[in-house]
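For reference, the structure discussed in these notes is given below.
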Amino acid sequence: MGTDSPKGEGNATQPETVLVSNSFQPTGSLTGNVHLPTDIQGTQAWNGGALEQTKAFSWTWFMIGLLVMPMVLAILSASLVVVPDLLFSENTSTTPLVSEPAFFTGENYTVNEFHMSEKFGKNFATHDFWDLNVESSTWYAFISGYGSEGERDVSQLTMTDDDGSEWWITEFHDIDFMFSVYLQVDGNVVRVASPAAEPEPIYVHYYSEGIGLFSTSSISFWIWPVSVVGGIVWGFAKKRPAFSYGVMVWGSIVLLATVFLTFIALFL
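Going from the sequence shown to the numbering used here is simple: count from 1 and add 162.
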């Protein structure tokens with residue numbers, strides 16, 4: 163009897179097992195409306211408006227590239243042709259000094275010297291276009307050159323006087339006279355040899371425009387293809403493709419014309 167355990171003690175060590183039935187099944191579903199927060203609704207409304215604005219804004223940029231840009235280029239290009247640019251320079255002299263006469267095939271020519279500025283002596287015949295004019299009371303002669311591109315180049319016919327000195331043969335404006343006028347340039351001194359029987363020169367004028375690619379005429383031409391390429395690249399880089407498409411409409415014609423004219427200038 164001493165070995166028997168208390169009845170309650172054995173039951174305490176064994177936890178009771180609780181069975182949970184899984185026989186319950188939901189018989190319905192939840193219904194109702196889901197309301198988004200006010201800030202989310204506002205964001206969607208804002209984005210919708212932005213999309214509409216972006217669409218309209220793209221058409222605006224297309225018209226700018228199609229119409230506004232070529233109009234601005236046309237005005238700028240015309241201004242470069244009509245209005246002299248800062249590269250234009252001129253030099254004049256109206257105080258001739260009589261020098262020793264010169265003889266051409268035995269004919270006596272009076273020689274007058276015109277002293278120009280030091281700038282003339284350094285830059286004479288080194289421009290994209292230059293023109294040296296000599297004027298008297300009855301005749302107007304000149305020599306000119308193109309495309310020297312910074313190097314002195316005078317593509318003018320020459321004549322040697324009886325002493326072996328070389329002179330440039332001038333051309334006459336408007337009227338062909340029955341005599342010749344010759345020119346020499348020595349530093350900043352312009353020598354004019356004219357027939358002794360004709361009126362002596364009283365005025366020398368030199369002007370030049372641009373150097374190489376930087377003349378106004380060259381800039382007014384090259385501004386078109388450069389602007390086309392730059393406009394297309396800028397439009398795509400700034401995520402405004404509509405602008406680039408507008409430029410492409412007329413820019414393709416400009417680029418084709420540029421290639422054609424360049425080919426003619428180089429090979430024909």
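By construction, the Cβ of each residue, glycine as well, lies at the ideal position given by its N, Cα and C atoms.
Taking a contact to require three or more Cβ pairs closer than 8 Å, the region 220-236 and the region 401-420 qualify as touching.
Contact between LEU294 and TYR368 holds, with the beta-carbon distance rounding to 5 Å and staying under 8 Å.
If you draw a straight line from the Cα of SER261 to the Cα of SER380, it comes to about 41 Å. Burial is judged here by how many other beta carbons sit within 10 angstroms of a residue's own beta carbon; ILE305 has at least 16 and is buried. Of the other Cβ atoms in all chains shown, 16 or more fall within 10 Å of the Cβ of ILE394; this residue is therefore buried.
Between GLY307 and GLN318, the CB-CB gap stays under 9 Å. Excluding its 5 nearest sequence neighbours in each direction, LEU259 has C-beta neighbours in its own chain below 6 Å: GLU275, listed in chain order. One thing to note: SER389 has its Cβ no nearer than 9 Å to the Cβ of GLY397. Listed in chain order, the non-local C-beta contacts of ILE385 below 8 Å within the same chain comprise LEU235, LEU238, SER239 and LEU242, local neighbours out to five positions each way being set aside. Under the 10 Å beta carbon count, HIS289 is surrounded by 16 or more other beta carbons and is classified as buried.
Between the region 295-303 and the region 333-343 there are three or more inter-stretch CB-CB distances shorter than 8 Å, so the stretches are counted as touching.
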